[in-house]
Amino acid sequence: MKKISRRDFLKLAGDSLLGLSFLAGLAGLIRFLSYDMDPAPPSQYDLGPMEDFPPGSRTLLMHIPAVLIHDKSGYLAMSLICTHLGCTVEQKGRDYECPCHGSKYDEKGYVTRGPSNTPLKKLRVEINEIGNVILHMD
Numbered sequence: 208m209k210k211i212s213r214r215d216f217l218k219l220a221g222d223s224l225l226g227l228s229f230l231a232g233l234a235g236l237i238r239f240l241s242y243d244m245d246p247a248p249p250s251q252y253d254l255g256p257m258e259d260f261p262p263g264s265r266t267l268l269m270h271i272p273a274v275l276i277h278d279k280s281g282y283l284a285m286s287l288i289c290t291h292l293g294c295t296v297e298q299k300g301r302d303y304e305c306p307c308h309g310s311k312y313d314e315k316g317y318v319t320r321g322p323s324n325t326p327l328k329k330l331r332v333e334i335n336e337i338g339n340v341i342l343h344m345d
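Its first residue numbered 208, the sequence shown is counted upward by one per residue in this note's numbering.
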């Protein structure tokens, strides 16, 4: 068996490490490019029969997050996403407050204290043909 010189050994070791590094980088790139994105959230929610939301009710829908209000003028829905930086606002009495930066909104979603200067987003509500309340996120 031929004795390998120190120079040849170091060259072989360096080339082997370079090849392994390339393969590890290639595996990481393949994993990155094959990542499955989370599906987009639904654009509408069927909230159930309108009898579940009697006149005068305020229903927090934390899985959306939104609030559904049924008053004498009909149904109104607002997103509970703060318009400042996207935190989920919390209900404080009849008003709403952002726990992140302290923005406050009144019961209709209008800003009463900043740093936010935009009201909460109004969401479209409709009643379908079988009497269910449908909340649209667009």
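Virtual Cβ for every residue (Gly too), placed ideally from N, Cα, C.
So, for residue i: in the same chain, excluding its five sequence neighbours on each side, which residues have a beta-carbon less than 7 Å away from its beta-carbon?
| i | result |
| --- | --- |
| P322 | H291, H308, S310 |
| K299 | none |
DSSP state of residue i, grouped into three classes?
| i | result |
| --- | --- |
| D345 | coil |
Out of curiosity, what's the CA-to-CA distance linking residue i and residue j?
| i | j | result |
| --- | --- | --- |
| R301 | I288 | 16 Å |
| T295 | P306 | 8 Å |
| Y242 | G232 | 16 Å |
| K210 | F216 | 10 Å |
| M244 | V332 | 29 Å |
Leaving out five residues before and five after residue i in sequence, what residues of the same chain have Cβ atoms less than 6 Å from its Cβ?
| i | result |
| --- | --- |
| G221 | none |
| T325 | T290 |
| Y303 | V296, Y312 |
Count the other CB atoms within 10 Å of the CB of residue i; is the residue buried (16 or more) or exposed (fewer)?
| i | result |
| --- | --- |
| L254 | buried |
| I271 | buried |
| M285 | buried |
For residue i, I'd like the list of residues in its chain whose CB is within less than 8 Å of its CB, leaving aside the five on either flank, ordered along the chain.
| i | result |
| --- | --- |
| P248 | M344 |
Start-end ranges of the beta strand (DSSP E) lying completely within the segment 269-344, minimum 3 residues: 273-278, 281-286, 297-299, 302-304, 318-320, 329-334, 339-343
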